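Start counting the sequence shown at 11; every next residue gets the next number (the numbering used here). The beta carbon of each residue, even a glycine, is placed where N, CA and C say it ideally should be. Remember, predicted model here, so these are calculated numbers, not experimental data. To start, the structure under review is shown below, and the notes come after it.
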Amino acid sequence: MIRCLLFISLLIHSTSGKHSAEAPSQKWLTLNGERPLVIARGGFSGLFPESSSSANQLAVSASLPDTVLFCNLKLTKDGVGICLTDIRLDNSTNIASTFPKGKKTYDVNGNKVHGWFASDYTIDQLFNNVSLTQGILSRSSFFDLQYPISTVEDVTGIKPAQFWLNVQYDLFYNQFKLSPASYVQKAMRSMRINYLSSAEIGFLKNMNGKVNTARTKLVFQALGADEIEPTTNKTYSKLLQDLASIKSFATGILVPKEYIWPVQPDMYLGAPTTLVSDAHKQGLEVYASGFANDFFASYNYSYDPTSEYLQFVDNSKFSVDGVLTDFSPTASEAIACFANNKNVSKPIKGKVLIITKNGASGIYPGCTDLAYQQAMDDGADIIDCPVQMSKDGVAFCLDSADLMGDTTAMTTFMSRSNTVPEIQPESGIFSFDLTWSEIQTLKPQMANVLPDFHRNPAYKNAGKFTTLTEFLDLAKTNAVSGVLIDIQNAAYLASKKGLDIVGAVTSALSNATFDKQSTQQVLIQSDDTSVLSKFVNVPTYKRVLLVEDKISDAPEQPVKEIKKFADAVAITRAAITEVSNSFTVRSTNVVAEFQKANVSVYVYVLRNEYITLAFDYYSDPIVEIASFDAAGVDGIITEYPGTASKYMRSPCANSDKPEYNILPAESGSLISLVPVAVLPPAAAPLPPLKIGDIVDPPLPPVVNTTTTAVPPNAPAVAEAPRSSALANVANMGLSLVAIMVLSFLFSMEY
Numbered sequence: 011m012i013r014c015l016l017f018i019s020l021l022i023h024s025t026s027g028k029h030s031a032e033a034p035s036q037k038w039l040t041l042n043g044e045r046p047l048v049i050a051r052g053g054f055s056g057l058f059p060e061s062s063s064s065a066n067q068l069a070v071s072a073s074l075p076d077t078v079l080f081c082n083l084k085l086t087k088d089g090v091g092i093c094l095t096d097i098r099l100d101n102s103t104n105i106a107s108t109f110p111k112g113k114k115t116y117d118v119n120g121n122k123v124h125g126w127f128a129s130d131y132t133i134d135q136l137f138n139n140v141s142l143t144q145g146i147l148s149r150s151s152f153f154d155l156q157y158p159i160s161t162v163e164d165v166t167g168i169k170p171a172q173f174w175l176n177v178q179y180d181l182f183y184n185q186f187k188l189s190p191a192s193y194v195q196k197a198m199r200s201m202r203i204n205y206l207s208s209a210e211i212g213f214l215k216n217m218n219g220k221v222n223t224a225r226t227k228l229v230f231q232a233l234g235a236d237e238i239e240p241t242t243n244k245t246y247s248k249l250l251q252d253l254a255s256i257k258s259f260a261t262g263i264l265v266p267k268e269y270i271w272p273v274q275p276d277m278y279l280g281a282p283t284t285l286v287s288d289a290h291k292q293g294l295e296v297y298a299s300g301f302a303n304d305f306f307a308s309y310n311y312s313y314d315p316t317s318e319y320l321q322f323v324d325n326s327k328f329s330v331d332g333v334l335t336d337f338s339p340t341a342s343e344a345i346a347c348f349a350n351n352k353n354v355s356k357p358i359k360g361k362v363l364i365i366t367k368n369g370a371s372g373i374y375p376g377c378t379d380l381a382y383q384q385a386m387d388d389g390a391d392i393i394d395c396p397v398q399m400s401k402d403g404v405a406f407c408l409d410s411a412d413l414m415g416d417t418t419a420m421t422t423f424m425s426r427s428n429t430v431p432e433i434q435p436e437s438g439i440f441s442f443d444l445t446w447s448e449i450q451t452l453k454p455q456m457a458n459v460l461p462d463f464h465r466n467p468a469y470k471n472a473g474k475f476t477t478l479t480e481f482l483d484l485a486k487t488n489a490v491s492g493v494l495i496d497i498q499n500a501a502y503l504a505s506k507k508g509l510d511i512v513g514a515v516t517s518a519l520s521n522a523t524f525d526k527q528s529t530q531q532v533l534i535q536s537d538d539t540s541v542l543s544k545f546v547n548v549p550t551y552k553r554v555l556l557v558e559d560k561i562s563d564a565p566e567q568p569v570k571e572i573k574k575f576a577d578a579v580a581i582t583r584a585a586i587t588e589v590s591n592s593f594t595v596r597s598t599n600v601v602a603e604f605q606k607a608n609v610s611v612y613v614y615v616l617r618n619e620y621i622t623l624a625f626d627y628y629s630d631p632i633v634e635i636a637s638f639d640a641a642g643v644d645g646i647i648t649e650y651p652g653t654a655s656k657y658m659r660s661p662c663a664n665s666d667k668p669e670y671n672i673l674p675a676e677s678g679s680l681i682s683l684v685p686v687a688v689l690p691p692a693a694a695p696l697p698p699l700k701i702g703d704i705v706d707p708p709l710p711p712v713v714n715t716t717t718t719a720v721p722p723n724a725p726a727v728a729e730a731p732r733s734s735a736l737a738n739v740a741n742m743g744l745s746l747v748a749i750m751v752l753s754f755l756f757s758m759e760y
């Protein structure tokens, strides 16, 4: 029943964003000059168990229309073909618990392998007793035990545009008097097999005269470079040195992507090999395997999986003829929407604003000259400066007044750390306790969203700190569309440190003549309404209230109150799409409620790292961007403006009839497919926005810190009032394999 519900849901969703069946007219650098193929390994196996009915249906409905379904053939005891990658069933099913005494040890191409094997069970035994599980433990287990094993006939029965059968263990099955060759010949009488591949040369040579090569392409699959091919006893890397020999029995090769673009030990890309061009010269097609959104590939891709696909299909020198992937929708959007699209420099006017968070802080240390330059090069509309103050009154850009996270202050000024409850509960080394000359002795430091997800270590300390004046000069020189100035901790700085941050910002903007022009937008952001009130007399400035509270609704009265102080709000992702247990739960009406009062809505903070994305976004930051675009936001605040710009400027976002539609996530659709008993308890509903969450007391006067000491018996000075918007401090340490910990991350972020 659940599979039927999923199919209906996917069908409705996919037909609402139907994509064209025609390939683009541009010339590709593939062997035949046509668009590279998207090949779905086990369907959409990045989300659902491999080759399950849902995995195959979603791959067909959400990918390019000519997408190929890929099945790794395994044979049962009675000769029925099933689709699973690993020769051991215990890695992708619950067979170990249903047949606890069935573990065997067999010789598989010269290696002793322990586990449960399909060749020991009939199809009835497997179909009636065994259910599929996610074979990669770092992925969600919420869809485990819901689907039976799929036969080859089950996969071809959904009528994919093309079908690929991979036979990896011909010699192994022949030991049991099971013949993959005979199975394939029989299967071809009742189904269309467009591609037939094998890692065993003997099998391919055997099939060469038994299949109609005009209808079925024979492809040689190369495994790891040092693995031994069982027919020749040569390594696969050695065999690929003789492409002319391979051409005698195959029309193409299927190779791990590292054969084409090697990744160096430091996890940056090396120089490409000549394999693709060499193979094309021999008339061999080249298919690359090993693509997945939720595997770290290389720092060159900045956690954007579409960048990796483009490296293989749109590098100006060659293109592979197809990519074998666990996430076929992402491969589809990369090929259909982003390839051959480099000449479009910026999104079309009127699209959602791309606003940076500390510049391109996913690429370089935040708020440095390099981060800002990268953001502008990437097509950001608005670059931001979160203003901090040094002890001697220099205004500069940095994400936090605490220097411990974004600089190397811990190595030099640990003795200057203290606790400032008005700023944060943890101790820190604060900018207002150091002079600007002291701060300049520090180096910027790359921020990482999680301990296991490092960003560009080669740029870990790159760039230089930027004063507010330098930031404004940079924006004017590069004619960026606008700037966002974020003012933090104004009340504390005025009452306790004698620092006038509002005055410093006002003067800097005026000196740069931003108050006397309307060409470049100026956004003044703060979580403090009293700060925004100070800029009411400059009509060209747009005031943005930062709403850090987690809300699910924006009632009319609080919105009217905000309208008195702000022209726009910056709200969290959870205020638009609620997330529980790493699934989207529902969409709120918050965007519409603010926009009804003519208050613009900006959503923050978007990141590329797949661990920050709900399952509904397919581990693909582009899908999250598309989803907030569909939600009607006026701007997105992101640490990776290049990823957002890639989407906004693509023909799939700018055309009335795109070749491929990047479909937004349907809130609640995935979680509705998970049995309630499997899910942990849902998080409590988020509260609505209240008037008491909005209005702050007037700013205190700026104290004179050079006055004489206060007499011992003098009354204590009242503490500066804190903004009612609470600081959102998240401890995001988590492991890849623990779903409960992942859910905790979402509860903190959302």
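Kindly identify the DSSP beta-bridge partner or partners of E588.
The partner list for E588 (beta bridge, DSSP) reads R596.
Using a Cβ-Cβ cutoff of less than 6 Å, which residues in the same chain neighbour F322 once the five nearest sequence positions on both sides are dropped?
Result list for F322: A298, V330, in chain order.
Suppose you measure from the CA of S102 to the CA of L142; what does that come to, to the nearest Å?
Straight-line measurement puts the Cα of L142 at about 6 Å from the Cα of S102.
Please state the DSSP three-state secondary structure of G125.
strand
Tell me whether S312 counts as near the ligand MG, meaning its Cβ is closer than 7 Å to at least one heavy atom of that ligand.
Inclusion of the ligand MG in the displayed structure is not the case, the ligand content being empty and no account of it being possible.
Scan the stretch 127-177 and note each continuous beta strand (DSSP E) run of 3 residues or more that stays entirely inside, going in chain order.
172-177
Could you tell me the boundaries of the beta strand (DSSP E) in which G300 lies?
295-301
Over what stretch of residues does the beta strand (DSSP E) that includes M399 continue unbroken?
392-399
N-terminal and C-terminal residue of the beta strand (DSSP E) that S540 is part of:
No beta strand (DSSP E) holds S540; the alpha helix (DSSP H) holding it covers 539-543.
Could you tell me if N303 is buried or exposed, where buried requires 16 or more neighbouring beta carbons within 10 angstroms of its beta carbon?
buried
Measuring CB atoms only, is the stretch 385-397 touching the stretch 519-526, in the sense that at least three cross pairs come out at less than 8 Å?
No, because fewer than three Cβ pairs between the stretch 385-397 and the stretch 519-526 fall closer than 8 Å, the two stretches do not touch.
For S536, does the three-state DSSP call read helix, strand or coil?
Strand.
Here's a check: name, in chain order, each residue in its chain whose Cβ is nearer than 7 Å to the Cβ of F186, leaving out the five neighbours to either side.
If we look at F186 and ignore the five residues flanking it on each side, its Cβ neighbours are S129.
Ordered along the chain, which non-local residues of its own chain (more than five positions away) have a Cβ less than 8 Å from that of Q398?
A405, F406, C407, L408, S410, A411, S441, F442, Q498
Would you call the CB atoms of I211 and T242 closer than 8 Å?
yes
Residues near A576 by beta carbon distance below 8 Å, same chain, minus five either side
If we look at A576 and ignore the five residues flanking it on each side, its Cβ neighbours are T539, L542, R553, V554, L555, V609.
I495 to I647, Cα distance in whole Å?
13 Å
With a Cβ-Cβ cutoff of 8 Å, do K470 and Q455 count as a contact?
Judged by their CB atoms, K470 and Q455 are nearer to each other than the 8 Å cut-off.
Those residues which DSSP pairs with T477 across a bridge
F406
Could you tell me the boundaries of the beta strand (DSSP E) in which P207 lies?
Per the sequence presented here, residue 207 reads as Ser, with Pro not at that position. If you look at S207, you'll find it in the beta strand (DSSP E) that goes 205-208.
C-alpha gap between G219 and E676, whole angstroms
Taking the straight line joining both Cα atoms gives about 49 Å.
Once the 5 residues before and after T366 are set aside, which same chain residues still bring their CB inside 6 Å of it?
A385, A390, I393, D394, P651
Is T622 helix, strand or coil when you go by DSSP?
helix
What is the DSSP secondary structure of A737, counted as helix, strand or coil?
Legend: pLDDT at A737 = 34, less than 50; position of this residue unreliable, no value from coordinates given.
Short of 7 Å in beta carbon distance, which residues of its chain neighbour L85, apart from the five on each side in sequence? Order them along the chain.
So the list reads G91, A128, S129, Y183, L188, P190, Y193, once near-sequence residues are dropped.
Is it true that the CB of N66 sits closer than 8 Å to the CB of G53?
Yes; because the gap between Cβ atoms is below 8 Å, this pair is in contact.
Taking the CB atoms as reference points, tell me whether S767 and L47 lie closer together than 8 Å.
Outside the displayed range of the chain (11 to 760) lies residue 767, so it cannot be described from this structure.
Taking C-beta to C-beta, are E432 and Y502 nearer than 8 Å?
yes
Secondary structure, beta strand (DSSP E): runs of 3+ residues fully inside the stretch 441-491
With a minimum length of 3 residues, no continuous beta strand (DSSP E) run stays inside the stretch 441-491.
With DSSP collapsed to three states, give me the class of A370.
In the structure shown, A370 sits in a strand (DSSP, three-state: E or B).
Helix, strand or coil at N82 according to DSSP, with G and I counted as helix
strand
Among the candidates K656, S590, G372, P170, whose CA atom is the shortest distance from the CA of I681?
S590
Cβ distance (whole Å) where I581 is taken to contact V611 below 8 Å
6 Å
Backbone CA spacing between L250 and W174 [nearest angstrom]:
22 Å
Measure the C-alpha to C-alpha separation of G300 and M424 and round it to an integer number of angstroms.
45 Å
Which listed residue (L94, V118, N216) has its alpha carbon closest to that of S160
L94
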